[in-house]
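In the numbering used here, the protein residues as written are 3 to 290.
Now the structure itself:
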């Protein structure tokens, strides 16, 4: 069994410097305390040779080659999600945009059709998780969501609950608030209907950053969660830019996934200096 977390990189378009400065000036005070390695703050100039239109066929070929049972995507824009749906008919996609009109970027879970998708839902990381487009006051202007899917794996005779999210990119306090909310949801779900857990996504923080300690510490341990990506090394590489490299992508799991875990690897494919994304997709393998 293969489970993959894949920040696919939104199809970014060039933004002029004045517009970008204006956007940053509108952020709440204190929102950019980690504007260095964590925020990866820069003037967007577009992705050039790594633009989505040049990457998408190689992304599709890699997925066809590996055939993971489940993929947790992050940063999909609507047209990227539509393209993947069209070209990946053997998968069912769940999740919606983070904005108030359900548009914009979104994490999505893709479930291979030989599995059984039992249910799915999504919520906003905010004080009002059912309100579309809501967010924590301190965070960036970007709302954040989590998509949840219950999936039955017939070969393993196993039902699991899968969470896929993308934490705030500018504010450590917002990342911690979102993570604590997510852990509370997992705990409540587990009390109502205990199931094995997979939690994946781009957390925009390194393993030793304070905002992730609820997950690495007592709260995560209480839920029986273990980081299966602990030995992967860097996952964000900024299209091969070593000064930007950092580990921020994760797959956590509970039993029986922990006991069945046989290895973790990165999809570090590149061709003529072109990558699948500015993140390495992370694959965890299991044998039951």
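Where a beta carbon is used, it is the ideal one built from N, C-alpha and C, also for glycine. These figures come from a predicted structure and were not determined experimentally.
Assignment of residue 249 by DSSP, reduced to helix, strand and coil, places it in the coil class. The C-alpha of residue 73 lies about 16 Å from the C-alpha of residue 270. By DSSP's assignment, residue 57 forms no beta bridge with any residue. Annotation for residue 264: the continuous beta strand (DSSP E) segment containing it runs 263-268. Contact check for residue 149 and residue 106: beta-carbon distance about 14 Å, past the 8 Å limit, so the pair fails to qualify. Classified as buried, residue 203 has 16 or more neighbouring CB atoms from the shown chains inside 10 Å of its CB. Separation of residue 78 and residue 278 (C-alpha to C-alpha, rounded to the nearest whole angstrom) is 14 Å. The beta carbon of residue 234 sits closer than 7 Å to the beta carbons of 249, 266, 268, 284 from its chain, once the five residues preceding and following it are set aside; these are given in chain order. Per the C-alpha coordinates, the member of 238, 227, 264, 244 positioned closest to residue 255 is 227.
As the crow flies, the alpha-carbon of residue 258 is around 10 Å from that of residue 162.
Comparing C-alpha distances from residue 217 to each of 180, 194, 242 shows the shortest one belongs to 180.
DSSP, reduced to helix, strand and coil, places residue 159 outside both helices and strands of the structure shown, so it counts as coil.
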